Ligand SMILES: [Fe+2]
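Numbering (my numbering), first residue to last: 1254 to 1394.
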């Protein structure tokens, strides 16, 4: 049995929920910070990142509701106007995708023993890892 109480599990999930919502907003902002022909190149990738990330947030929110709770969301995010090229945008996306992956790995360590929750987090880690790999492949020189 997990050492975590239900309230603690909800707290973990809320943290992941905020992580995903923040990443989604960052994707949305990034997708619109790349201009010119670079936008043609990475715009679709960044928009897809936004959609997948907001879906992850929804999955987490469903999980929170399944536990009889309501998601809590506090965001502290500031995205200044800054135009960037394709490579800078992908590099930025990689940074926050890696942060999301790290958050899932942190959570996995804390929910150890709660098998269904562990499996859920592991499945998310697989998806997030693939995302990180895809970005890394795009950044290959
Ligand atoms: Fe995600």
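In this text, a Cβ means the ideal position worked out from N, Cα and C, and glycines have one as well. Owing to the predicted nature of the structure, the values given are computational and were not obtained by experimental measurement.
- Ranking 1368, 1316, 1328 and 1305 by CA distance to the CA of residue 1383 puts 1305 first.
- Straight-line spacing of the CA atoms in residue 1258 and residue 1295 works out to 43 Å.
- Here DSSP, grouped into helix, strand and coil, assigns residue 1385 to helix.
- As the crow flies, the alpha-carbon of residue 1263 is around 43 Å from that of residue 1290.
- If you keep only unbroken alpha helix (DSSP H) runs of at least 4 residues inside the stretch 1264-1351, you get 1289-1319.
- A check of alpha carbon separations from residue 1273 across 1321, 1344, 1354 and 1343 identifies 1354 as the nearest.
- Short of 8 Å from the beta carbon of residue 1327, and not among the five residues preceding or following it, lie these beta carbons of its own chain, in chain order: 1271.
- The closest CA to that of residue 1387, considering only 1287, 1367, 1260 and 1302, is found on 1302.
- Under the three-state reduction of DSSP, residue 1364 is assigned to coil, being neither helix nor strand.
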